[in-house]
Amino acid sequence: MSNIFSAAQFLKTVVKFADLPTSEGHEIAFLGRSNVGKSSTINALTQQRGLARTSKTPGRTQAINIFTLKPATLKLIDLPGYGFAKAPPAVIKEWHMLIDEYLRHRPCLAGLVLIMDIRHPLQGMDQAMLDWLLRSETPVHLVLNKCDKLSRMQGQITMQKLETALADYPLVSMQLFSAFRKIGLEELRKKLIGWFELPANVT
Ligand SMILES: Nc1nc2c(ncn2[C@@H]2O[C@H](COP(=O)(O)OP(=O)(O)OP(=O)(O)O)[C@@H](O)[C@H]2O)c(=O)[nH]1
Ligand SMILES: [Mg+2]
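Here the working numbering = 1-based position in the sequence shown + 76.
So this is what it looks like as C-alpha cells:
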C-alpha cells in the first residue's frame, strides 16, 4: 500500500553544507553512532530495501543523503554516523563539522530520530549529542534499534532504565525498534507524521 513514506525518492548526496537544498517545508533527520542502523531504519520506514545504502562496514554513510517524500517539501535526512573510530581523524572531524553545521542552521528541521543499538545504549557521544540537541529545542525521538537481538523482557528493562536516566529531558521520547523485524514501525511512523504536522489519519 502506498503512503507518504513509501513514496520516498532519493534526492541527492551532499558533502558540503552549502550544497543542501533550501530550507523549506519539514525535514526529519536520522542521527546516531556509526552502524546502529540509521540507513536500515529509513529503508524499513519507506518499505524500500535499497533506498538508503546499508553496510556491515561501519562508516558507510559519509555524507548527508536526502530523500523526498510526497509532497517533496517533506524530507528524510540520513546523516553520517558519528564515533567511527577507524576513519582517519581528519575525516571524522569533517563529518562532525558537517553534522554540527546541519543541526545548527536548518530552520526546517522538525525533529531528530536518534538511533542507538539497544545492546549499547547511551554511549558517551549519544549523551553529548542529546545534551547539545536539547539546547537547540529540537524534539528528539530515541529509536532503540536491533531489539530483535534481545528478548522482549530485556528490551523493556533497557527502555525503562533509559526512561529513568532521561527523565529530566522533556523533549525526548523513545521506543523499541527492529529494522530487521519491522518492530515498532507504526509507532515511528506516527511520531514522524506528528512532526510533519500532517493529520493523524495520514498513512
Ligand atoms: N539484528 C539487526 N541488525 C540490524 C538492524 N538494523 C540494521 N542492522 C545491521 O546493522 C548494520 C548497520 O546497518 P546500517 O543501516 O548500514 O547502519 P548505519 O547506522 O546507517 O551505518 P553508517 O552509515 O555506517 O553510520 C548492518 O549490518 C545491518 O544489517 C536490526 O534491526 N537488527
Ligand atoms: Mg548509513
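Backbone N, C-alpha and C fix where the C-beta goes; we use that ideal spot for every residue, glycine too. Quick caveat: nothing in here was measured; it's all calculated off a predicted structure.
Between Phe272 and the rest of its own chain, which residues show a CB-CB distance below 6 Å, the 5 nearest in sequence each way excluded?
His102, Leu150
For Phe143, which residues from the same chain have a beta carbon less than 8 Å from its beta carbon, with the 5 sequence-adjacent residues on both sides left out?
Ala84, Gln85, Phe86, Leu87, Ile118, Thr122, Leu127, Ala128, Lys151, Leu152, Ile153, Asp154
Measure the alpha-carbon distance for Leu220 versus Leu238 and round it to whole angstroms.
10 Å
Below 6 Å CB to CB, which residues in the same chain sit around Val91 once its five sequence neighbours on both sides are set aside?
Ala139
Reducing DSSP to helix, strand and coil, say where Ser249 ends up.
strand
Hey, which unbroken runs of the beta strand (DSSP E) at 3 residues or more fall wholly within the segment 166-243?
185-193, 216-221
When burial is assigned at 16 or more other CB atoms within 10 Å of the CB, is Ile233 buried or exposed?
exposed
Give a yes or no on whether the C-beta atoms belonging to Leu261 and Ala120 are separated by under 8 Å.
yes
Just reading off the beta strand (DSSP E) that Lys88 is part of, what are its end residues?
85-90
Take every Cβ of the segment 167-176, pair it with every Cβ of the segment 189-196, and state whether three or more of those distances are shorter than 8 Å.
no
Looking only at C-alpha atoms, which of Asp176, Lys225, Ile269, Arg180 sits nearest to Met192?
Lys225
For Arg180, which residues in the same chain have their Cβ closer than 8 Å to its Cβ, ignoring the five residues on either side in sequence?
Ser212
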